[in-house]
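> Structure provided below as structure tokens; questions to follow.
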Amino acid sequence: MAKTIRFTLNGEPASVTTEGDRMLLWVLRTELGLTGTKCGCGEGLCGSCSVVVDGRVERSCQLPVAKVAGAEVLTIEGLADGDDLHPLQQAFVDHDALQCGFCTPGMMMAAAALLQHTPQPSAAQIEHALEGNLCRCTGYVNIVAAVQQAAATMAAGAQA
Amino acid sequence: MSSEQVATRYGSGQSVRRIEDPALVAGAGCFADDASLPGQVCVCLQRSPYPHARIAAIDTAAARAMPGVVAVYTGADLAAAGLNIIDMLNRSRGDIAVTLIDLNQWVPKETVVQLRAIPGVLSVRCLGCEKDKT
Numbered sequence: 020m021a022k023t024i025r026f027t028l029n030g031e032p033a034s035v036t037t038e039g040d041r042m043l044l045w046v047l048r049t050e051l052g053l054t055g056t057k058c059g060c061g062e063g064l065c066g067s068c069s070v071v072v073d074g075r076v077e078r079s080c081q082l083p084v085a086k087v088a089g090a091e092v093l094t095i096e097g098l099a100d101g102d103d104l105h106p107l108q109q110a111f112v113d114h115d116a117l118q119c120g121f122c123t124p125g126m127m128m129a130a131a132a133l134l135q136h137t138p139q140p141s142a143a144q145i146e147h148a149l150e151g152n153l154c155r156c157t158g159y160v161n162i163v164a165a166v167q168q169a170a171a172t173m174a175a176g177a178q179a
Numbered sequence: 003m004s005s006e007q008v009a010t011r012y013g014s015g016q017s018v019r020r021i022e023d024p025a026l027v028a029g030a031g032c033f034a035d036d037a038s039l040p041g042q043v044c045v046c047l048q049r050s051p052y053p054h055a056r057i058a059a060i061d062t063a064a065a066r067a068m069p070g071v072v073a074v075y076t077g078a079d080l081a082a083a084g085l086n087i088i089d090m091l092n093r094s095r096g097d098i099a100v101t102l103i104d105l106n107q108w109v110p111k112e113t114v115v116q117l118r119a120i121p122g123v124l125s126v127r128c129l130g131c132e133k134d135k136t
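Encoded structure:
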């Protein structure tokens, strides 16, 4: 049975009327028109659908939308500050940490969640945080370097 | 080619910034799955779970009877249409059944459950559904 679910999406109030066990990924991509969050496998294995819910990275293809009622949801569309790329986004560009770009939104959301609670992660911590996000183009070396650069940029910004 | 031409030519001897990256990192890329066009339908591929089995028959009646299903094609249909791929497919993967679901129409949850219950159906995805109606 459909019900209305309210939550905060990228800082703005969002409301959808749908079945509560419908997965957040499809609500984002269809009802809300935010196609930046990708469906890679649809089975919670690849990480392409990663979003940040109340500071935790979640697989949106496995997360019933009812579970985010009242929560703060951050998707790739909410990462940038207007036209200014988020340090993670800029770092991915600077380090060529993407080729086809399909895994990139999920990769960056997992990294964003990491940086929220671990602002200066080691390479090992970054690898651990991203181990659930599969990339079939670039390999992971540049991705780890990009997250390290983003951490440094954000730390410098915080001090400024 | 003069050294000046070499220094200013495009694509070799220097880094070139990709023009697609700003959109891709912002989630604004448009992959095929991101497009939403008028009248768009969605295809689901059903592959044989057996790599080297002989297909006796494929019963598509239940899939065809589902609300919102535009068409169901099997390899036999493609062969009948003059597309000579059935033999090729059979060599490695067996026959192939294709389920098309028109998701511009609302599909009741019960339909999805019924589709999932068809033997051999591994996964049913609902993409592009408009807002659920009650």
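Chains U and E supply the protein sequences, listed in that same order.
Residue numbering for the first sequence follows the working numbering, starting at 20 and increasing by one per position.
Residue numbering for the second sequence follows the working numbering, starting at 3 and increasing by one per position.
Virtual Cβ for every residue (Gly too), placed ideally from N, Cα, C.
Helix, strand or coil, according to DSSP, for S69/U in the structure here?
Strand, per DSSP.
> Mind listing the chain U neighbours of L26/E? Cutoff is C-beta to C-beta under 7 Å, in chain order.
Under the 7 Å cutoff, chain U gives L117, G120 and T123.
> How should V35/U be labelled, buried or exposed, when 16 other C-beta atoms within 10 angstroms of its C-beta is the threshold for buried?
Result: buried.
> Are the beta-carbon atoms of V112/U and P24/E separated by less than 8 Å?
Yes, these two residues count as a Cβ contact at 8 Å.
> What did DSSP end up calling T37/U once you bin it into helix, strand or coil?
Here T37/U sits in strand by DSSP.
> List the endpoints of the continuous beta strand (DSSP E) containing I24/U.
Element bounds for I24/U: A21 to L28.
> Report the CB separation of E96/U from G55/U in whole angstroms; it is logged as a contact under 8 Å.
The pair is a contact, with the Cβ atoms about 5 Å apart (cut-off 8 Å).
> I think A129/U touches L149/U, with their Cβ atoms under 8 Å apart; what is that distance to the nearest whole Å?
Indeed, because the Cβ distance is near 6 Å, the residues count as touching under 8 Å.
> Got a sec: is the Cβ-Cβ distance from F111/U to anything in chain E below 8 Å?
With 8 Å as the cut-off, F111/U counts as an interface residue toward chain E.
> With a threshold of 8 Å between beta carbons, is I145/U in contact with chain E?
False, the Cβ-Cβ gap to chain E never drops below 8 Å.
> Can you name the residues of chain E whose CB is closer than 9 Å to the CB of Q168/U?
By Cβ distance, chain E contributes nothing, its closest Cβ being about 13 Å from Q168/U, past 9 Å.
> Using a Cβ-Cβ cutoff of 9 Å, what residues of the region 20-45 of chain E are near chain U? List them in chain order.
Here the close residues are R20, E22, D23, P24, A25, L26, V27, A28, G29, A30, G31, C32, F33, D35, D36, A37 and S38.
> Assuming T123/U and V27/E make a contact with CB atoms under 8 Å, what is their CB distance in whole Å?
Yes, T123/U and V27/E are in contact; Cβ-Cβ is about 6 Å, under 8 Å.
> Give the DSSP bridge partners of R78/U, in chain order.
R78/U is bridged to S69/U.
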